[in-house]
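Residue numbers (the working numbering): 62 to 185.
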């Protein structure tokens, strides 16, 4: 159920989906911010910004492993003609995401992603 709703958000970019998907105590782990971002509000801000930057026609999940209430979803996309490959590590409880951790490669891609995310987040 949680993964289906997450994939629906990725597909539609409908931010209202996040309201019932993200736990009040959620923790977001960014690939470029050294401290965990704690709470529903900041987690949703990061995920909405990621949707703006990453969820284009080229974004797709290419592999998914899940067990119980944990999933690892591998994705790839192109951002300004730079190939980006990464994983989302998602954990949930009571049908709500409690942790969301993102890892991205290569370095050139993560630096570009950092700049694009920062330009959105600075206005939030």
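Even for Gly, the Cβ is constructed at its ideal location relative to N, Cα and C.
Nothing here was measured: the structure is a model prediction, and the numbers come from that model.
Between the CA atoms of residue j and residue i - distance to the nearest angstrom
i: residue 83; j: residue 115; result: 19 angstroms
i: residue 170; j: residue 158; result: 26 angstroms
i: residue 150; j: residue 161; result: 6 angstroms
Sequence-distant residues of the same chain with beta carbon closer than 8 angstroms to residue i, five excluded per side
i: residue 121; result: 136, 137, 138
6 angstroms Cβ shell around residue i - same chain, five flanking residues per side excluded
i: residue 123; result: 135, 137
i: residue 80; result: none
i: residue 75; result: none
i: residue 126; result: 133
For residue i, the three-state DSSP class (helix, strand or coil)
i: residue 73; result: helix
i: residue 100; result: coil
Bridge-paired residues (DSSP) for residue i
i: residue 165; result: 147
i: residue 152; result: 131, 160
Own chain, CB closer than 7 angstroms to residue i, minus 5 neighbours either side, in chain order
i: residue 78; result: 66, 69, 70
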